[in-house]
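To keep things clear, I will list the structure first and then write my remarks on it.
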Amino acid sequence: MVALVERSPWRRESALRAHVLVGAVVAALLATAAVAEQAADLADGVGALNRHDSEAAVRLLTAALDSRMLSSADQEIAFVRRAQAYLLLGRDDDARADAQRALTIQPGDIEAERVRSYAQKLDLPPPHGPIVNTDRSLNAAVAARNAAVTAEIEAGQANYQTEVAAAEAKRRADQQAYAAQMDAWQAGVQAQQAQAAAAQAAWQAQVKACKAGDRSQCGKR
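This is the structure we're talking about:
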């Protein structure tokens, strides 16, 4: 008969504490991973803004903010940078709202105040917004230059494709001409071989006739 040994209350309590501790460690790891992911979204969003990819910046910064896992300082940064991205996209109201949120977290933030001022003055003619209008002119010049560079690149690519197509056509034409020359040469060789074979057969026939007594066939060249 097997004796049953009841686990002591102390051991049951230790096992329970171990399970709780493991659960807490797993939860902490998951929370750390989530925070790291949102920090990565924030960093990627700032990077996208620096690359002038405003749409990607808005998407990444929004994901970071929607997680509600950013610190207050990081939230303020995300709001300011998203406000700048909104401003570049022409979404003045959204830019102004985000700038105001950033100022609520960090009153007196110079960047947030500048973005809010730009958003409020963007549609006003000079002299109400001279800095903004200058920036707008500069942005237009940069956009025009980018368009010109893009057109130049596309034209270069089109010319390259045309040259490649012309080179390929010439290569095929050369191959066809070479093949025709080879066919003509082969036909000439075959004709010469046929002519030589016919001459050889005629000579052999003359020799045979001469040997057979037909003196008229003897001595012919």
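Just so we're aligned, residue 1484 is where the sequence shown starts under this note's numbering, counting upward by one. Quick reminder that beta carbons are idealized off the backbone N, C-alpha and C, glycines included. Note that the structure is a prediction, hence the values are computed from the model and not measured.
Is there at least one non-hydrogen atom of the ligand GTP closer than 6 Å to the beta-carbon of residue i?
i	result
residue 1685	With respect to small molecules bound, the structure shown includes none, and the ligand GTP cannot be examined in it.
Taking a contact to mean a Cβ-Cβ separation below 7 Å, would you say residue i touches residue j in this structure?
i	j	result
residue 1574	residue 1544	no
residue 1593	residue 1555	no
residue 1602	residue 1595	no
residue 1525	residue 1561	yes
residue 1700	residue 1689	yes
residue 1572	residue 1550	no
residue 1553	residue 1546	no
Going by beta carbon distance, what residues of the same chain come within less than 7 Å of residue i, once the five residues before and after it are set aside?
i	result
residue 1519	Reliability of the predicted coordinates at residue 1519 is poor, the pLDDT of 48 falling under 50, and the value obtained from them is presented with this limitation in mind. Around residue 1519: no qualifying Cβ.
residue 1693	1700 and 1701
Enumerate in chain order the residues of its own chain whose CB-to-CB distance from residue i is below 6 Å, with the five nearest sequence positions on each side excluded.
i	result
residue 1599	1579 and 1582
Would residue i be called buried (16 or more neighbouring beta carbons within 10 Å of its own) or exposed?
i	result
residue 1569	buried
residue 1528	buried
residue 1541	buried
residue 1667	exposed
residue 1647	exposed
Quick one: residues in its chain with C-beta nearer than 8 Å to the C-beta of residue i, no 5 flanking neighbours on either side, listed in chain order?
i	result
residue 1611	Since pLDDT at residue 1611 reaches only 45, below the 50 mark, its modelled position is unreliable, and the value read off the structure follows with that caveat. So the list reads 1604, once near-sequence residues are dropped.
Problem set entry | Unbroken stretches of the alpha helix (DSSP H), 4 residues or longer, contained in the stretch 1526–1552 | 1537–1549
For this session: Write down every uninterrupted run of the alpha helix (DSSP H) in the stretch 1544–1599 whose length is 4 residues or greater and which is fully enclosed by it, in chain order.
Result: 1555–1571 and 1575–1588
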